[in-house]
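A.B. asks: One structure, as structure tokens, below. Some questions next.
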């Protein structure tokens, strides 16, 4: 009994001790809390009160307007203007249901919009198909701001601001809008703009090095002149400095630094000649395709016209063209697919064949069945071969054409077109008749003279003409073409390489290279840099940077050699020449060279390149190529034209060249003096907002 009571008392005492400890712990905790609150209130109270009522400065950037772009006569081609725009910024919590509800609301709020178009512009991985919302491929990065509508009315701006909590992701911003003349003047040469984030994300080095000087959504030059003259066009961003409260409420504006608009560019392009050339090509190609099977797929054409003495580019057509205004808000998938074969400037690098209206995999496979814009030059390089032969003393002044020229084994035979035998040939007549055998003989003799070094000697001459090297045109992404004879030299030796290269089957050159080449011939060896921008002018009309003609190199040869080349090329457009019919009745003497380059087309057996594919020959095609300059006695204009799958060069590319000369003569003049500019001949600018351009 005693032990039991004693144990109970011990347990009771133990419980009370624990309760006392717990109460003491609770007391201490509350004591610490009370002490801390008292400390905060008494000691730190002033500091927290200051933070609660603190004011700070916030800088809000004001994007600069880009400078305008004009043609040589001051006709507006590209301009910028400010606009209030509704934009969408995707957020992580958003889902399909949110997107549908949002575009349904916006369709009612923003007149002139449709929910189908808004969902496309938002680019969130969904689109309407037959009234249903289905998954689709994103066209741009998720983090990019998407433009929904420009030029908002005051009513629309007020509504969006008032209901911003119901329209999360949608905001109103001031955006500079880049507008391009809808007449589509040299669109690939001029290029287009895109958001800085896109350019940076694509790894364009220029922008990667300048992240700090751009706003994430600022429009920057992405292609063409817009990119190569970014520094001149971009301007300088300004800002507004606001005083804001701790809750980010704006208290007052304390400073404003206005943006500085970019400088303006005046091009060397004459839009009258440019547009007439483009329109001639547009109307001519369907007629060319209708003439027969050799040109049945001639849907593309590339033309460059350069003033001989200065290198100024008067016209530069990469056809087909497109409306660059699709980049203003970013093209949707349908618009992109429709126009993607026209984006690339085929006069300076490889551009794909126009396979529209096919799209997707069908378009990709069809594209392999046709040549791109950089094709074998063909016979247009023969004047360069003759000049090289004269300089090396291996071009005979009198040579009996055998019709078929054997240079190696039993199967190594070069024949003239249709097996013609042209009889006794001079260098001039060899150019006029486009004799393959005469050129092959020069190639063979060159290989025998220089052996393994013959390829280097060949390159020395051709590079001096601009063939196989970049022209130096003030555009990004220029190609140096392709020197296929280098591969042939390694595989078959210098004799085969030089013979084949001598008449143009082993070199692929851009239209710009061909234009520089023939201008160099006209200049008797002086190679000029092609120039697209004449001057940079500030917004007060002051010229801040003029551009003068620049000589890149000189091929020093006796004047008698150049006279032979000029005479031979002039004979091409005279009776008995390969382009006599093309220039019949033309009032000026034209020096020219036709080219019909043969090309084998190989296609893959599938598009599964990761698993390896086999290539097989699909067909052999003929490309139309033409180079020329005029007038012969005082060259002013050099023209090069390429029509992939155009068949005979004289009847395809040559017709386009004549149209260019006629247009140039009409507006500028091929005579000894230029015609004064007549504003009445200007092509009206149809942009409604052009009047707003400053």
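Numbering (UniProt numbering), first residue to last: 1 to 694. We put the CB at the ideal spot given by N, CA and C, even for glycine.
(1) I need the DSSP call for residue 279, collapsed to helix, strand or coil.
(2) With residue 695 and residue 234 assumed to form a contact (beta carbons below 8 Å), what rounded beta-carbon distance in angstroms separates them?
(3) Could you please give the first and the last residue of the uninterrupted alpha helix (DSSP H) stretch that includes residue 445?
(4) Looking at the strands, I want to know which residues DSSP matches up with residue 615.
(5) Taking residue 465 and residue 522 to be in contact with their CB atoms under 8 Å, please state how far apart those CB atoms are, rounded to whole angstroms.
(6) Note down, one range per segment and in chain order, each beta strand (DSSP E) of at least 3 residues found wholly within the region 491-523.
(7) How far does the beta strand (DSSP E) with residue 264 in it reach, from first residue to last?
(8) How close, in whole Å, do the beta carbons of residue 228 and residue 474 come, if the pair is a contact with beta carbons under 8 Å?
(9) Cα separation between residue 136 and residue 528?
(10) Can you tell which of 133, 598, 650 and 448 has the C-alpha that lies nearest to the C-alpha of residue 493?
(11) Classify residue 695 as helix, strand or coil using the three-state DSSP reduction.
(12) Name the DSSP beta bridge partners of residue 381, please?
(13) At 4 residues or longer, and completely inside the region 289-362: list those alpha helix (DSSP H) runs for me, N to C.
(14) Within 10 angstroms of the Cβ of residue 607, are there 16 or more other Cβ atoms? Answer buried if so, exposed if not.
(15) For residue 241, which three-state DSSP category applies?
(16) Can you give me the C-alpha to C-alpha distance between residue 640 and residue 655, rounded to a whole angstrom?
(17) Measure how close the beta-carbons of residue 311 and residue 549 come, nearest whole angstrom, since I'm counting them as under 8 Å.
(18) Express the C-alpha separation of residue 571 and residue 691 in angstroms, rounding to a whole number.
(19) Is residue 401 buried or exposed, if buried means 16 or more other CB atoms sit within 10 Å of its CB?
(20) For the 8 Å Cβ check, are there 3 or more pairs between the region 534-546 and the region 622-637?
(21) With DSSP run on the structure shown, which of helix, strand or coil describes residue 691?
(22) DSSP three-state call for residue 480: helix, strand or coil?
(23) Rounded to whole angstroms, what's the CA-CA distance from residue 183 to residue 323? Just pull it up for me.
(24) How about residue 269 and residue 71: are their beta carbons less than 7 Å apart?
(25) Is the beta carbon of residue 363 closer than 7 Å to that of residue 355?
(26) Take residue 562 and list the residues in its own chain whose beta-carbon comes closer than 6 Å to its own, dropping the five residues that flank it on each side.
(27) Where does residue 2 sit, in a helix, a strand or coil, going by DSSP?
(28) Kindly identify the DSSP beta-bridge partner or partners of residue 597.
(29) Rounded to whole angstroms, what is the Cα-Cα separation between residue 133 and residue 226?
(30) List the endpoints of the continuous beta strand (DSSP E) containing residue 221.
(31) Using a 10 Å radius around the Cβ and a threshold of 16 neighbouring Cβ atoms, would you call residue 705 buried or exposed?
(32) Would the region 436-456 and the region 501-517 be scored as touching if the rule is three or more Cβ pairs under 8 Å?
(33) On the three-pair Cβ rule with 8 Å, is the region 80-97 touching the region 160-178?
(34) Between the alpha carbons of residue 239 and residue 252, how many angstroms are there, rounded?
(35) On a Cα-Cα basis, can you pick out the residue from 206, 190 and 194 that is closest to residue 146?
(36) What three-state label does DSSP hand residue 285 in the structure shown?
C.D. replies: This is what the structure gives:
(1) In this structure, residue 279 counts as helix in the three-state DSSP scheme.
(2) Not covered by the structure: residue 695. The range shown for the chain is 1 to 694.
(3) From DSSP, the alpha helix (DSSP H) with residue 445 extends over 436-450.
(4) Beta-bridge pairing links residue 615 to 604.
(5) Rounded to the nearest angstrom, the Cβ distance from residue 465 to residue 522 is 11 Å, too far for a contact under 8 Å.
(6) When DSSP assignments are scanned along the region 491-523, the uninterrupted stretches of beta strand (DSSP E) that are 3 or more residues long and fall wholly within it turn out to be 507-509.
(7) Under the DSSP assignment, residue 264 falls in the beta strand (DSSP E) whose first and last residues are 264-267.
(8) Between residue 474 and residue 228 the Cβ distance is about 5 Å, and since that is below 8 Å, they are a contact.
(9) Taking C-alpha positions only, residue 136 is separated from residue 528 by approximately 49 Å.
(10) Taking only the C-alpha atoms, the option nearest residue 493 is 448.
(11) As shown, the chain starts at 1 and ends at 694. That puts residue 695 outside it, with no answer to give.
(12) Per DSSP, none; premise fails for residue 381.
(13) Counting only runs of 4 or more, we get 333-339.
(14) That one is exposed.
(15) Reduced to three states, the DSSP call for residue 241 is strand.
(16) One C-alpha to the other measures close to 11 Å.
(17) Sure, about 6 Å apart at Cβ, within 8 Å.
(18) Note that residue 691 has pLDDT 43, beneath the 50 cutoff, so the model's placement of it is unreliable and the number below is only indicative. Roughly 50 Å between the two C-alpha positions.
(19) Here residue 401 is buried, its C-beta having at least 16 other C-beta atoms within 10 Å.
(20) With the cut-off at 8 Å, the region 534-546 and the region 622-637 do not touch.
(21) Note that residue 691 scores a pLDDT of 43, beneath 50, so its modelled location is shaky; the value from the coordinates is reported in the next line. Helix, per DSSP.
(22) In the structure shown, residue 480 sits in coil (DSSP, three-state: anything other than H, G, I, E or B).
(23) Going from the Cα of residue 183 to the Cα of residue 323 covers about 8 Å.
(24) Contact: yes.
(25) One thing to note: residue 355 has its Cβ within 7 Å of the Cβ of residue 363.
(26) Within the same chain, residue 562 has close Cβ partners 524.
(27) Confidence at residue 2 is low in this model, with a pLDDT of 46, below 50, so its placement is unreliable and the value that follows should be read with caution. Three-state result, residue 2: helix.
(28) DSSP output for residue 597 lists 623 as bridge partner(s).
(29) Cα to Cα, residue 133 sits roughly 37 Å from residue 226.
(30) Counting along the chain, residue 221 sits inside the beta strand (DSSP E) bounded by residues 219-221.
(31) For residue 705 there is no data in the structure shown, the boundaries of the chain being 1 and 694.
(32) Counting Cβ pairs under 8 Å, three or more are found: they touch.
(33) The region 80-97, when compared against the region 160-178, does touch it at the 8 Å Cβ threshold.
(34) Take the alpha-carbon of residue 239 and the one of residue 252: they are about 14 Å apart.
(35) Ranking 206, 190 and 194 by Cα distance to residue 146 puts 194 first.
(36) Look at residue 285 here: in three-state DSSP terms it is helix.
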